[in-house]
Amino acid sequence: MYIDICKKEIRQVNKTAILQQTAYWSEVKRRQGWETSAFDFKVRRRDLFAGAADQDYAVSDVLVILRQISEEHYIAYVPYGPEIEPDTDCQGVLLEELSESLRPLLPEKCIMIRYDLAWQSHWSGEEQYFDENGCWLGPPAKQLQELRFNYSTRSHNLKKSNTDILPSNTIFMDLQQDDQLLLDRMKAKTRYNIQLAGRKGVQVKTAGLENIDTWYNLYAQTCARNGIVQEEMGYFRTILTARANNSTSPADVEMLLAEADGIPLAAMFLVVAGHRGTYLYGASSNTHRNYMGTYMLQWEAMRRAKRKGCTEYDFFGVSPAPDPQHPLYGLYKFKNGFGGELFHRMGCWDYPLLKAPYTAYTATELYSKGYHR
């Protein structure tokens, strides 16, 4: 496989439904002090897809975020990229060739490229990885994953990361239906809670920077209630104010606030990129939970995403199965009630560029908070 690659301006990043591969996301990370780069690449389709014509080419791009982890060393992180998804047996080969093509274009002391793959897990479509109730059991052991993913690669250098950064399991909601059909597809309890919120007078409005303190108060309550590490307010200011309107891949960002009788109940960030609306961050109050503000908030977010031209809604992060012992089970139970489809991604995979620093970094990584937010 041969890849023709070249660097390009961030504002030329291709339009995409993958939020983390947009010029908007590059601007968010730049304001946080990270470096970003974008690259076009071209590869013969026959090297990616069985039965493709010999002379056809696939043209795509990739957004790479650079993080300096020491005085001299860097990590190259590719959030939910590359977007193009080859046949299963060709995926490892593509990442190997892409990594070697990127190597001379990255800092000399870059220790690895970490791909946070949005591609469907190889093991989520195979019957043997599901129990008798149809619940996914997850992928096999790390060594078996690596053996399969490195099939046909030259160096067998792709390593399954010790941890995923972005959510590897989500629920997608198909928005290509009218509101009544969307409601009919929900679980009865979810539909009832939306209706109950309406009867209790819950309203959802667009909020701006003037409401950032309200958001952060709800967010702080949520973090304390669920044992979540709390981000600084400045991070959410960046999410809300960053723009890439002079680019080919901007994003439309809204902070939505659910309230009743002037009392804040819940809030969230809705981001629209391409044909997808994404529920990026959410928070809710410790009080007045019987008003079901979170249910009305999600319902209104989906309706707003539809009005903006979205055909799907990404709930962004759940447990991989209905396992009460999983820390994200509560999110699964809530989000699954809206009637979407559970989707399992491949998660993070590393291509080490400098073996010794990479080994040292991954040995300590499990004990740190990590470098991506």
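Numbers 50 to 422, taken from the numbering used here, label the letters of the sequence shown in order. Virtual Cβ for every residue (Gly too), placed ideally from N, Cα, C. No experiment lies behind these values; they were computed from the predicted model shown.
Suppose contacts are defined by Cβ-Cβ distances below 8 Å. Is residue i in contact with residue j by that definition?
i      : j      : result
Ile67  : Val92  : no
Asn218 : Arg394 : yes
Ala293 : Tyr73  : yes
Ala315 : Gly342 : yes
Gly386 : Met282 : no
Asn211 : His205 : no
Leu97  : Leu144 : no
Leu403 : Ile162 : no
Tyr344 : Ile118 : no
Trp348 : Ile277 : no
From this set, the options, which residue's C-alpha is nearest residue i's C-alpha?
i      : options                        : result
Asn339 : Arg197, Asn182, Gly247         : Gly247
Met169 : Ser333, Lys208, Met50, Pro131  : Sequence check: residue 169 is Gln here, not Met. Here the closest residue by C-alpha is Pro131.
Arg274 : Ser333, Ala291, Asp223         : Ser333
Gln81  : Pro189, Gly388, Phe285         : Phe285
Glu76  : Val62, Asp89, Ala101           : Val62
Glu146 : Phe90, Trp172, Asp213          : Phe90
Leu207 : Asn182, Tyr164, Ile243         : Tyr164
Leu112 : Glu58, Pro135, Glu134, Asp136  : Glu58
Gln192 : Lys209, Thr413, Gly183         : Lys209
Pro135 : Gly100, Thr336, Asp228         : Gly100
Lys249 : Gln226, Ile312, Thr263         : Ile312
Asn335 : Gln226, Asn266, Pro373, Ile133 : Asn266
Ser150 : Gly323, Met50, Glu181          : Met50
Asp372 : Thr137, Lys357, Glu175, Gly183 : Gly183
Can you tell me whether residue i is buried or exposed? The criterion is at least 16 other CB atoms within 10 Å of its CB, across all chains shown.
i      : result
Lys355 : buried
Cys359 : buried
Asp399 : buried
Tyr241 : exposed
Thr65  : buried
Ala190 : exposed
Cys397 : buried
Gly141 : buried
Ser109 : buried
Cys139 : buried
Ala257 : Residue identity check: residue 257 is Gly in the sequence provided, not Ala. Classification for Gly257: exposed.
Ile261 : buried
Glu120 : exposed
Ala412 : exposed
Gln229 : exposed
Who are the near neighbours of residue i in its chain, counting only those whose CB is closer than 6 Å to its CB and skipping five residues on each side?
i      : result
Thr408 : none
Ala405 : none
Pro299 : Tyr73, Ala293
Asp105 : Arg94
Cys55  : Asp89
Leu196 : none
Arg203 : none
Ser148 : Ile162, Tyr400
For residue i, which residues from the same chain have a beta carbon less than 8 Å from its beta carbon, with the 5 sequence-adjacent residues on both sides left out?
i      : result
Thr327 : Leu68, Leu319, Val320, Val321, Tyr362, Asp363, Phe365
Leu115 : Trp83, Glu84, Thr85, Ser86, Tyr123, Ile124, Ala125, Tyr126, Leu155, Pro156, Cys159
Val367 : Pro216, Asn218, Thr219, Ile220, Leu377, Leu380, Tyr381, Lys384, Asn385, Leu391
Phe179 : Trp185, Leu186
Tyr330 : Tyr268, Phe285, Ile288, Met317, Phe318
His375 : Ser368, Pro369, Tyr381
Gly388 : Met222, Leu231, Arg234, Met235, Lys236, Thr239
Ala291 : Tyr73, Glu76, Val77, Arg80, Val302
Arg60  : Ala72, Ala293, Asn295, Ser296, Thr297
Leu224 : Leu231, Gly326, Met351, Ala354, Lys355, Cys359, Thr360, Glu361, Tyr362
Asp103 : Arg93, Arg95
His337 : Ala309, Ile312, Leu314
For residue i, write down the residues that DSSP places opposite it in a beta bridge.
i      : result
Pro401 : Met161
Lys56  : Phe88
Tyr328 : Leu319
Asp110 : Asp89
Asp223 : Glu361
Asn218 : His393
Lys208 : Asp399
Lys254 : Leu306
Trp185 : Phe179
Pro313 : Glu308
Ala125 : Leu115, Ile162
Pro70  : Looking at the sequence provided, one finds Gln at residue 70 rather than Pro. According to DSSP, Gln70 bridges with nothing at all.
Gln169 : Arg394
Asp301 : Val321
Given residue i, which residues of its chain have a CB within under 7 Å of its CB, disregarding the five upstream and five downstream residues?
i      : result
Lys238 : Gly386
Leu346 : Val253, Leu305, Ala307, Ala315, Met317
Gln279 : Ala269, Cys272
Ser173 : Trp185, His393
Arg152 : Leu402
Ala167 : Ile67, Tyr129, Arg394
Arg422 : In this prediction, Arg422 has a pLDDT of 41, which is less than 50 and means its spatial position is unreliable; nothing more can be read from the coordinates.
For chain D, is any of its Cβ atoms less than 8 Å away from the one on residue i?
i      : result
Cys184 : Given the protein chain composition of this structure (a single chain), no chain D is represented.
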